[in-house]
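What follows is a set of notes on a single structure, which appears directly below.
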Amino acid sequence: MKLKAPFIKLPFTFDVERLRAEVLAFPAEAWAPHPNNIPGNSALRLITVGGTENDDVAGAMAPTPHLLAAPYLQQVLSHFGVVWSRSRLMKLGPGSEVPTHTDVNYHWFHRVRMHIPIVTTPDVKFHCDDQVVNMAAGESWIFDNWRTHRVVNGSDVERIHLVADTTGNARFWDMADAAADGPLGARLVPYRPGEKAPLAFERFNVHRVMPPSEIDQLLSDLVSETVSVKGGAAGEAEVRALERACWGFRQDWRQLWSLFADEDRGVPHYRKRIDAFLQQVRGLGEDLRVGPNDMPVLRVAGARVAAYAVNDGARGQAAAAVPGQTPAGAAGPGPSVRTVPTYDRPIIIVAAPRSGSTALFETLAVTPQLHTVGGEAHWLAEGFPRLRPGAPGVDSNRLTAAQFDPQIGLAMHARVAEKLVDGAGAPFANRPSVRFLEKTPKNALRIPFFDKVFPDALYVFLWREPEENVSSIIDAWRSGGWVTYPQLQGWDGPWSLLLPQGWQGLKGKPVEEIAAHQWAVTNTTIMDDLEALPAGRRHVVRYADFVAAPGKVIAGIAAFAGIEIDAALTERTGGPLPDSRHTLEPPRPDKWKKNADEIGRVLPGLEAVRERLRAFR
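Here's what the structure looks like:
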């Protein structure tokens with residue numbers, strides 16, 4: 002957001018020692034690499050879309066478990082009385098820097114970023130436009146990220162800032178404007194033990210289709226700041242040509258809105274007009290620049306308008322692409338704007354947890370015929386608060402057609418498109434149709450829901466004998482490495498793996514009973530749901546058969562799914578399968594016997610499900 006000055010120091014300071022105590026208590030694994038992989042940069046997520054581990058800026062925001070575990074961080078944010086968007090702790094390693102950039106995408110047109118240093122030294126320098134400041138620990142600052150800026154950590158310590166985004170409110174901006182006119186006396190905001198801090202989070206931050214008023218504001222602002230490097234009469238003619246192109250686009254957009262508003266049937270018409278507008282701007286050449294930051298006008302028009310004017314999902318990624326351009330992210334170039342393809346017969350692996358589904362997924366994922374999101378897609382459903390356990394009508398990972406609505410379906414299609422990669426890990430290249438491969442154990446309890454999201458999906462059902470599978474689930478619980486719900490209301494301690502129906506009755510039960518319940522309910526639910534679909538949409542695989550003869554099993558899946566046994570699949574299945582990424586211990590046939598006593602107590606209750614599995618086709 003544009004400010005009156007490059008930096009504005011707000012009139013509040015905070016208890017640095019308390020902040021440091023909360024921040025340094027977070028485990029090392031809570032820190033994630035910077036989304037743009039800038040060396041030395043990492044982040045710990047506090048407020049995200051859906052409260053999950055992501056770096057999105059579009060979608061309903063919620064606190065992560067990290068923020069919920071930090072009462073003073075909550076109080077600090079609550080003190081400003083504003084609605085918060087994406088917020089994180091940002092770490093900058095010794096000798097590292099955030100490179101020079103400017104933030105031009107739609108998110109930043111209305112939002113400002115606040116910094117509260119927690120761990121820093123005088124050798125950490127923040128540059129914005131022609132000014133340089135050292136933000137002292139405990140202070141609060143905002144800055145004009147429409148101007149070019151960078152950060153340099155010239156010290157030998159890891160710098161950590163609380164970094165929070167907001168549109169602000171009238172009271173906030175009155176305070177900021179006053180602070181921009183001259184220094185204000187700073188007031189200490191202390192930690193208040195036991196005090197509940199009310200927080201408000203963005204729920205609506207992108208439009209299905211931008212209304213004409215928003216388009217008018219974005220493009221009027223762009224034209225007002227555009228200059229031509231040519232100068233003189235030729236430069237003035239280029240700026241006038243841009244003004245005419247923007248005026249025509251705004252008028253046509255208003256006409257389309259009067260016909261369709263934000264209805265789906267208008268989307269192709271909106272996209273066609275976006276493409277024509279971008280071609281017009283591209284034809285004006287590279288000489289048109291945005292004065293305050295020298296950014297090419299085409300890039301700003303693409304990142305600010307085209308990428309968000311039509312929104313197919315909660316991430317705000319529109320299908321109108323800007324060829325050769327990448328919208329700027331929070332700190333430098335972001336991911337390319339992608340089309341949302343047609344998903345041709347997605348292949349969805351459904352299985353109980355710890356049944357070998359990762360090995361099967363990794364085997365199929367090597368073929369370039371299929372695209373994946375790089376791993377398990379827990380975020381695909383749980384990125385929507387209304388689909389998470391605890392929401393009205395949702396008390397487990399079970400979802401049915403009743404929880405589906407078309408807007409969620411569109412959003413999921415867009416979320417998948419943004420993360421698609423091929424077998425070599427290369428990002429999805431825009432194309433009209435893809436074969437999508439998905440594997441997330443939680444989604445095994447959501448077949449009726451995903452049948453609405455992907456109506457022609459094919460399901461590969463993998464099952465494993467209860468002795469081996471229940472033993473592996475027991476090991477996962479004991480290891481602590483598969484925690485899915487650190488804080489589950491109604492449960493003592495963290496919960497691991499998927500959350501099946503009836504979990505509430507397991508409180509106080511031994512781990513083998515929990516594991517047996519997860520195995521039985523998941524496999525029974527899968528069979529019940531698949532029986533409700535045409536038989537031609539399911540293919541059953543027994544884990545023991547896959548391990549013994551992977552080539553034969555993959556050939557069966559290929560015939561069922563309509564894919565070829567290509568060189569990548571042939572090489573992968575030509576010998577013993579490699580261990581999957583989630584292998585806890587190397588597999589061996591009798592490994593389960595270490596838990597034989599516990600399994601022996603629950604096995605009789607699983608025999609009916611085992612017999613049904615053996616007969617299921």
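FYI, in our numbering the residues of the sequence shown are 2 to 618. No residue lacks a Cβ here, since even glycine has one placed at the ideal position from N, Cα and C.
Residue-level contact to chain B via CB, residue i, 8 Å cutoff
i, result
"residue 58", "Checking the listed chains, one finds no chain B in this structure; it contains a single protein chain."
Backbone secondary structure at residue i - three-state DSSP
i, result
"residue 310", "coil"
"residue 226", "coil"
"residue 39", "coil"
"residue 566", "coil"
"residue 85", "strand"
"residue 612", "helix"
"residue 321", "Note that residue 321 has pLDDT 30, beneath the 50 cutoff, so the model's placement of it is unreliable and no number is given."
"residue 618", "coil"
"residue 444", "helix"
"residue 356", "coil"
"residue 596", "helix"
"residue 273", "helix"
"residue 479", "helix"
"residue 451", "helix"
"residue 602", "helix"
"residue 151", "strand"
"residue 259", "helix"
"residue 438", "strand"
"residue 377", "coil"
"residue 368", "coil"
"residue 332", "At residue 332 the pLDDT is 32, less than 50, meaning the model places this residue with poor confidence; the figure from the coordinates comes in the next sentence. Residue 332 falls in the coil class under three-state DSSP."
"residue 422", "strand"
Bridge partners - residue i, DSSP secondary structure assignment
i, result
"residue 655", "Any answer about residue 655 is impossible in this case: the structure gives the chain only from 2 up to 618."
"residue 9", "143"
"residue 541", "462"
"residue 34", "43"
"residue 518", "Its beta-bridge partners do not exist; DSSP assigns none."
"residue 116", "142, 164"
"residue 63", "49"
"residue 110", "Paired residues: none, contrary to the question."
"residue 91", "44, 162"
"residue 201", "84"
"residue 189", "14"
"residue 343", "434"
"residue 129", "132, 150"
"residue 497", "484"
Residue i Cβ short of 7 Å to the ligand HEM heavy atom set
i, result
"residue 562", "The ligand HEM is absent from the structure shown, which contains no ligands of any kind."
Cα-Cα separation, residue i to residue j
i, j, result
"residue 461", "residue 527", "10 Å"
"residue 562", "residue 351", "15 Å"
"residue 568", "residue 347", "21 Å"
"residue 201", "residue 82", "8 Å"
"residue 121", "residue 196", "28 Å"
"residue 300", "residue 162", "29 Å"
"residue 45", "residue 554", "42 Å"
"residue 56", "residue 36", "7 Å"
"residue 421", "residue 341", "10 Å"
"residue 370", "residue 499", "29 Å"
"residue 212", "residue 128", "36 Å"
"residue 477", "residue 343", "37 Å"
"residue 3", "residue 12", "20 Å"
"residue 246", "residue 109", "23 Å"
"residue 153", "residue 359", "41 Å"
"residue 206", "residue 60", "6 Å"
"residue 123", "residue 159", "13 Å"
"residue 442", "residue 193", "42 Å"
"residue 519", "residue 43", "35 Å"
"residue 76", "residue 92", "21 Å"
Whole-number beta carbon distance between residue j and residue i, since they are thought to touch under 8 Å
i, j, result
"residue 47", "residue 88", "5 Å"
"residue 386", "residue 51", "6 Å"
"residue 130", "residue 101", "The pair is not a contact, with the Cβ atoms about 11 Å apart (cut-off 8 Å)."
"residue 610", "residue 471", "The pair is not a contact, with the Cβ atoms about 11 Å apart (cut-off 8 Å)."
"residue 66", "residue 487", "5 Å"
"residue 257", "residue 272", "Residue 257 to residue 272, Cβ: 10 Å. No contact."
"residue 1", "residue 547", "As shown, the chain starts at 2 and ends at 618. That puts residue 1 outside it, with no answer to give."
"residue 599", "residue 513", "4 Å"
"residue 1", "residue 9", "Residue 1 lies beyond the range of the chain shown here (2 to 618); nothing can be said about it."
Evaluate contact between the segment 50-65 and the segment 379-395, counting only Cβ atoms and requiring at least three cross-stretch pairs below 8 Å.
Three or more Cβ pairs closer than 8 Å define a contact, and the segment 50-65 meets that threshold against the segment 379-395.
Specify whether the segment 289-302 and the segment 266-273 touch according to this definition: at least 3 beta carbon pairs, one from each stretch, less than 8 Å apart.
no
Hey, is the segment 249-266 in contact with the segment 64-72, meaning 3+ C-beta pairs nearer than 8 Å?
No: fewer than three Cβ pairs fall under 8 Å.
I'd like to know if the segment 400-407 and the segment 439-452 are in contact, where contact means that at least 3 CB-CB pairs between them fall below 8 Å.
yes
Check whether the segment 280-290 touches the segment 214-234, counting contact only when three or more Cβ pairs, one atom from each stretch, lie closer than 8 Å.
Cβ pair count under 8 Å is three or more, so yes.
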